[in-house]
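Once you know that position 101 of the sequence shown is 101 in my numbering, the rest is easy, because the numbers rise by one and skip nothing. Backbone N, C-alpha and C fix where the C-beta goes; we use that ideal spot for every residue, glycine too.
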Amino acid sequence: MSDRHPHPVPLAWRLLDRIEELVAALWPFRSGLAVGRAFLLPAVLLVGLLLAGLGIMLEHSMHELSLATYRLKPEYSAANYLTFLERPVYIHVLMRTLLAAVIVTLVTITLAFPYAYVLVRTRSRSARKFLLVALFLPFFIGQVVRAYGWLI
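This is how it looks when you write it as structure tokens:
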């Protein structure tokens with residue numbers, strides 16, 4: 001050991017150990033269950049925000065639009081829903097949307113399940129890495145194209 005470094009453990013590791021001791025002393029939760037619940041908080045907040053948005057949309061849909069002021073009338077009404085149910089074009093659009101959702105779901109399951117099965121069962125690490133790169137590459141193509149666009 002040299003005179004500059006009297007400790008065999010690097011300074012960064014010693015600092016991290018001290019920080020960990022400090023957090024352990026100050027952190028009120030000793031249970032792993034409490035820490036697990038704390039990790040759920042962001043998900044609960046996200047779901048709460050999404051449900052709040054849906055609630056606002058539902059509340060707005062219960063008001064009619066005043067054609068004179070283009071503002072929502074203050075009284076509640078089911079007229080928008082009755083109009084939706086009475087007009088065949090709206091029902092037709094809803095059915096086409098639901099059919100498209102079912103088709104996309106079935107195609108996705110048909111393609112994704114065998115791919116995931118092969119990805120998990122393959123023994124070769126290089127083949128597994130190739131399959132993962134092939135899986136995630138489309139997500140990055142937009143970034144690559146944007147980066148090349150800035151170069152031009």
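For the beta strand (DSSP E) containing residue i, name the first residue and the last one.
| i | result |
| --- | --- |
| Ser66 | His63 to Ser66 |
Which stretch, first to last residue, makes up the alpha helix (DSSP H) that contains residue i?
| i | result |
| --- | --- |
| Tyr76 | Tyr76 -> not in any alpha helix (DSSP H); beta strand (DSSP E) instead, spanning Arg71 to Tyr76. |
| Arg96 | Pro88 to Arg121 |
| Arg9 | Before going on, a small fix: residue 9 reads as Val here, not Arg. Careful: Val9 lies outside any alpha helix (DSSP H) and carries neither H nor E. |
| Ile141 | Arg125 to Leu151 |
Go ahead and label residue i buried or exposed: buried means 16 or more other beta carbons lie within 10 angstroms of its beta carbon, across all protein chains shown.
| i | result |
| --- | --- |
| Met1 | At Met1 the pLDDT is 48, less than 50, meaning the model places this residue with poor confidence and gives no usable figure here. |
- prompt: Would you call the region 78 to 90 and the region 56 to 67 in contact, with 3 or more CB pairs under 8 Å?
  reply: The region 78 to 90, when compared against the region 56 to 67, does touch it at the 8 Å Cβ threshold.
task: Inspect the CB distances between the region 81 to 101 and the region 110 to 126 and report whether three or more fall short of 8 Å.
output: The answer is no - the region 110 to 126 does not touch the region 81 to 101, with fewer than three Cβ pairs under 8 Å.
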